[in-house]
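Trainee: FYI, the numbering for the sequence shown is 84 to 501, going by the working numbering.
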Amino acid sequence: MSPATSATSPFTVHTLKNGLSVVIEEMPDVCSVAAGFLCRTGARDETPPLAGVSHFLEHMMFKGTSRRTWAQITIDFDSMGSAYNAFTSEDRTIYYGWVRTKDLEPQIELLADMMRSAIPLDEFTTEKNVILEEIAMSKDNLDHVAFDFLQEKVFAGHPLAWPILGYDSTVQSLTRDQMWDYFQQRYAPNNMLLVVAGALKPEQVIEVAERYCGSWPRVTDPPKRVPPKVARGVDVLKLDRFNQQVIALTFPSVSACDSRIEVVSAAATILGGENSRMYWDIVQKGIAPRAGAHHLDFTDSGVLILYGSCDPTNAELLLDALRKEARRLTDEPPRDAEVDRVKNRRRTSVAVEAEAPYYRLTQLMDDMEFHGRPRTVDEALAEVDAVTSDSIVKFLREFPIDGEGHLTSVGPRDWPKL
Numbered sequence: 084m085s086p087a088t089s090a091t092s093p094f095t096v097h098t099l100k101n102g103l104s105v106v107i108e109e110m111p112d113v114c115s116v117a118a119g120f121l122c123r124t125g126a127r128d129e130t131p132p133l134a135g136v137s138h139f140l141e142h143m144m145f146k147g148t149s150r151r152t153w154a155q156i157t158i159d160f161d162s163m164g165s166a167y168n169a170f171t172s173e174d175r176t177i178y179y180g181w182v183r184t185k186d187l188e189p190q191i192e193l194l195a196d197m198m199r200s201a202i203p204l205d206e207f208t209t210e211k212n213v214i215l216e217e218i219a220m221s222k223d224n225l226d227h228v229a230f231d232f233l234q235e236k237v238f239a240g241h242p243l244a245w246p247i248l249g250y251d252s253t254v255q256s257l258t259r260d261q262m263w264d265y266f267q268q269r270y271a272p273n274n275m276l277l278v279v280a281g282a283l284k285p286e287q288v289i290e291v292a293e294r295y296c297g298s299w300p301r302v303t304d305p306p307k308r309v310p311p312k313v314a315r316g317v318d319v320l321k322l323d324r325f326n327q328q329v330i331a332l333t334f335p336s337v338s339a340c341d342s343r344i345e346v347v348s349a350a351a352t353i354l355g356g357e358n359s360r361m362y363w364d365i366v367q368k369g370i371a372p373r374a375g376a377h378h379l380d381f382t383d384s385g386v387l388i389l390y391g392s393c394d395p396t397n398a399e400l401l402l403d404a405l406r407k408e409a410r411r412l413t414d415e416p417p418r419d420a421e422v423d424r425v426k427n428r429r430r431t432s433v434a435v436e437a438e439a440p441y442y443r444l445t446q447l448m449d450d451m452e453f454h455g456r457p458r459t460v461d462e463a464l465a466e467v468d469a470v471t472s473d474s475i476v477k478f479l480r481e482f483p484i485d486g487e488g489h490l491t492s493v494g495p496r497d498w499p500k501l
């Protein structure tokens, strides 16, 4: 057992012999505890024929182990009163539960048992239909369709190009044996973290982790990920079934591991967050009912996306407005009042989330993935405090958003003509 920082640190970081990292934060002033497993696997770790397997596998982890049926897993969560869930992204899959302190060990035991899923064949067949329904529902959502198309074109030729849900064809043809092989390769202790935060004793957590996870077999380290290249150009997807047009401009940016991540986050919020420039100059002026900016980041790359949706006849106006706001932020440094307002919202978010083990869990997971160690709330707030108008200007010089970028247009209008 080794403290992450010093003898007074609230953190303990311990690695089991099989490579599983256990990250612990003591929060003595609460009455609950949250525990979760992070597996470093997601859509970007799939091969083209297996597109969607990571998300499908997330579902299957709830469908039965050698000790529990899917019904018993659900009952055991509910018996503890656990607030539990899971999600899959492009680069990780997370499972977690939040319980009263007295249920810490049962919660870790249940989650650990799930991490050794049996992937029952009958449940695999049933759940495949559930996934196919999710894909069908996603196709009815213009935002989902537009974002999937954007990633397909911006990250063309890279695993980040396909949707997390996968495709009808790849999910339909996926076999239980293919999923089992992927599961064995990716859900290995040396590719996972166990993170626990709340009212606890570190020694107890480590002992429980050793008991329920110490026998998991280590495998060869997964291959290193390759950063994507961000494409430029114009791509159009004409879809008559929708009534709105989604316009998006995408520009290269920094990764989630970059020290400037709070700077670009502030820039995106000033440009396209709540009460942002886009809100007042695009939405409130009637150009489009929705417009914003989003920073999409991974451990090795990132992009800044300016987007909006509008009546198809207003596509030109919306694109001009997006470019105008990008140029204005580049040419006119944000006012100190704008920066302070955005920083205060971010400060509140960081501080409030840090008070609940449920949210603190994901903060710690982000810290381990993006900073290589757990950070105190004060350290996270210090990064927010360091953001200034000048640092935003400097960032925009290094990663300009006033050029052509990559334009995507999705909706009933075939525009712009290629």
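Backbone N, C-alpha and C fix where the C-beta goes; we use that ideal spot for every residue, glycine too. In this text the structure is predicted, and so the values were computed from the model without any measurement.
Three-state secondary structure (DSSP) at Thr88?
Mentor: By 1-based counting over the sequence shown, the position of residue 88 is 5. The pLDDT assigned to Thr88 is 47, lower than 50, so where the model puts this residue is not dependable; a value taken from the coordinates is nonetheless given after this. Of the three classes helix, strand and coil, the one that applies to Thr88 here is coil, per DSSP.
Trainee: Helix, strand or coil, according to DSSP, for Gln328 in the structure here?
Mentor: What you label residue 328 is simply residue 245 of the sequence shown in a count that begins at 1. Strand, per DSSP.
Trainee: Ala126 and His138 - do their beta-carbons sit closer together than 9 Å?
Mentor: Locating residue 138 in the sequence shown gives position 55, counting from the first residue. Locating residue 126 in the sequence shown gives position 43, counting from the first residue. Yes, Cβ-Cβ distance for His138 and Ala126 is below 9 Å.
Trainee: Give the DSSP-derived three-state secondary structure of Leu99 in the structure shown.
Mentor: As a first step, residue 99 must be located in the sequence shown, where it is residue number 16. The answer is coil: DSSP assigns Leu99 none of H, G, I, E or B.
Trainee: Could you pull out every residue in the same chain whose Cβ sits closer than 8 Å to the Cβ of Tyr295, ignoring the five residues on either side in sequence?
Mentor: Position 212 of the sequence shown, counted from the start, is the residue given in the question as residue 295. The answer, listed in chain order, is Ile191, Glu192, Ala195, Asp196.
Trainee: What's the call for Ile156, buried or exposed, on a 16-neighbour Cβ count within 10 Å?
Mentor: Residue 156 sits at position 73 when you count from the first residue of the sequence shown. Buried: at least 16 other Cβ atoms inside 10 Å.
Trainee: Short of 8 Å in beta carbon distance, which residues of its chain neighbour Glu206, apart from the five on each side in sequence? Order them along the chain.
Mentor: Counting from 1 along the sequence shown, the entry for residue 206 is found at position 123. The residues are Met143, Lys146, Gly147, Trp153.
Trainee: To which residues does DSSP link Tyr179 through a beta bridge?
Mentor: By one-based count along the sequence shown, residue 179 stands at place 96. Answer is Gly119, Asn168.
Trainee: If we count Cβ pairs, one from each stretch, closer than 8 Å, do we get three or more for the stretch 273 to 287 versus the stretch 437 to 453?
Mentor: Yes: the two stretches touch, three or more of their Cβ pairs being nearer than 8 Å.
Trainee: For Tyr178, which option in Gly119, Ala314, Lys222, Gly240 has the closest C-alpha, if you only look at C-alpha atoms?
Mentor: Counting from 1 along the sequence shown, the entry for residue 178 is found at position 95. Per the Cα distances, Gly119.
Trainee: Below 8 Å CB to CB, which residues in the same chain sit around Arg424 once its five sequence neighbours on both sides are set aside?
Mentor: On the sequence shown, residue 424 is found 341 positions in, with the first residue counted as 1. The residues are Asn358.
Trainee: Alpha carbon to alpha carbon, what distance is there between Leu447 and Trp363?
Mentor: The count along the sequence shown starts at 1 and reaches residue 363 at position 280. The count along the sequence shown starts at 1 and reaches residue 447 at position 364. When rounded, the distance between both Cα atoms is 35 Å.
Trainee: On the criterion of 16 or more Cβ atoms from any shown chain inside 10 Å, does Ala166 qualify as buried, or is it exposed?
Mentor: Numbered from its first residue, the sequence shown carries residue 166 at position 83. Exposed: under 16 other Cβ atoms inside 10 Å.
Trainee: Pick out whichever of Gln268, Ser256, Leu320 has its Cα sitting closest to the Cα of Thr303.
Mentor: Counted from its first residue, the sequence shown places residue 303 at position 220. The residue with the shortest Cα to Cα distance from Thr303 is Gln268.
Trainee: Only counting runs of 4 or more residues, tell me where the alpha helix (DSSP H) segments fall wholly within the stretch 222 to 294, in order along the chain.
Mentor: Here the runs fully enclosed are 225 to 237, 251 to 256, 259 to 269.
Trainee: Measure how close the beta-carbons of Leu243 and Glu173 come, nearest whole angstrom, since I'm counting them as under 8 Å.
Mentor: Here the question's residue 243 lines up with position 160 in the sequence shown. Here the question's residue 173 lines up with position 90 in the sequence shown. Confirmed, about 6 Å.
Trainee: Using the Cα positions of His241 and Thr124, report the straight-line distance between them to the nearest angstrom.
Mentor: For the purposes of this step, residue 241 is taken as residue 158 along the sequence shown, with counting starting at 1. For the purposes of this step, residue 124 is taken as residue 41 along the sequence shown, with counting starting at 1. Going from the Cα of His241 to the Cα of Thr124 covers about 15 Å.
Trainee: Since Ser115 contacts Ala282 with CB under 8 Å, what's their CB separation in whole angstroms?
Mentor: Reading the sequence shown from its first residue, position 32 is the one you call residue 115. Reading the sequence shown from its first residue, position 199 is the one you call residue 282. Confirmed, Cβ separation roughly 7 Å.
Trainee: Could you have a look at Ile202 and say whether DSSP puts it in helix, strand or coil?
Mentor: Here residue 202 corresponds to residue number 119 of the sequence shown, with the count starting at 1. Correct three-state label for Ile202: coil.
Trainee: Who pairs with Phe94 in a beta bridge, going by DSSP?
Mentor: Residue 94 sits at position 11 when you count from the first residue of the sequence shown. Glu108, per the DSSP bridge assignment.
Trainee: When DSSP builds the beta bridges, which residues end up paired with Ser336?
Mentor: Within the sequence shown, the letter at position 253 stands for residue 336. According to DSSP, which records beta bridges pairwise, Ser336 is partnered with Gly385.
Trainee: Note the first and the last residue of the continuous alpha helix (DSSP H) segment covering Thr413.
Mentor: For the purposes of this step, residue 413 is identified with residue 330 of the sequence shown, where counting begins at 1. Note, Thr413: alpha helix (DSSP H), 398 to 414.
Trainee: Which residues in the same chain as Glu210 place their Cβ atom closer than 8 Å to its Cβ, once the five residues preceding and following it in sequence are excluded?
Mentor: Position 127 of the sequence shown, counted from the start, is the residue given in the question as residue 210. Contacts found: Phe139, His142, Met143, Lys146.
Trainee: State buried or exposed for Gln367, treating a residue as buried only when at least 16 other CB atoms are found within 10 Å of its CB.
Mentor: Taking the sequence shown and counting its residues from 1, one reaches residue 367 at position 284. With fewer than 16 other Cβ atoms within 10 Å, it is exposed.
Trainee: Pick helix, strand or coil for Leu563, following the three-state DSSP scheme.
Mentor: Outside the displayed span of the chain (84 to 501) sits residue 563, for which this structure offers no information.
Trainee: DSSP three-state label for Leu320, please.
Mentor: The sequence position of residue 320 within the sequence shown is 237, counting from 1. Strand.
Trainee: Thinking just about the alpha-carbon of each residue, which of Tyr265, Asn212, Pro285 is nearest to the one in Ala134?
Mentor: The residue given as residue 134 occupies position 51 in the sequence shown. Closest option to Ala134, Cα to Cα, is Tyr265.
Trainee: Using a 10 Å radius around the Cβ and a threshold of 16 neighbouring Cβ atoms, would you call Met84 buried or exposed?
Mentor: Translated into positions along the sequence shown, residue 84 becomes position 1. With a pLDDT of only 48 at Met84, under the threshold of 50, the placement of this residue in the model should not be trusted, and no figure is reported.
Trainee: Using a threshold of 9 Å, state whether the C-beta atoms of Asp260 and Ser492 are closer than that.
Mentor: Working through the sequence shown from its first residue, we reach residue 260 at position 177. Working through the sequence shown from its first residue, we reach residue 492 at position 409. Against a cut-off of 9 Å, the Cβ pair of Ser492 and Asp260 comes out as no contact.
Trainee: Got a sec, what are the start and stop residues for the alpha helix (DSSP H) Thr445 sits in?
Mentor: What you label residue 445 is simply residue 362 of the sequence shown in a count that begins at 1. Start and end: 440 to 453.
Trainee: Can the beta-carbon of Ser149 be found less than 9 Å from the beta-carbon of Ala201?
Mentor: Along the sequence shown, read from residue 1 onward, the residue named residue 149 stands at position 66. Along the sequence shown, read from residue 1 onward, the residue named residue 201 stands at position 118. Cβ atoms of Ser149 and Ala201: closer than 9 Å.
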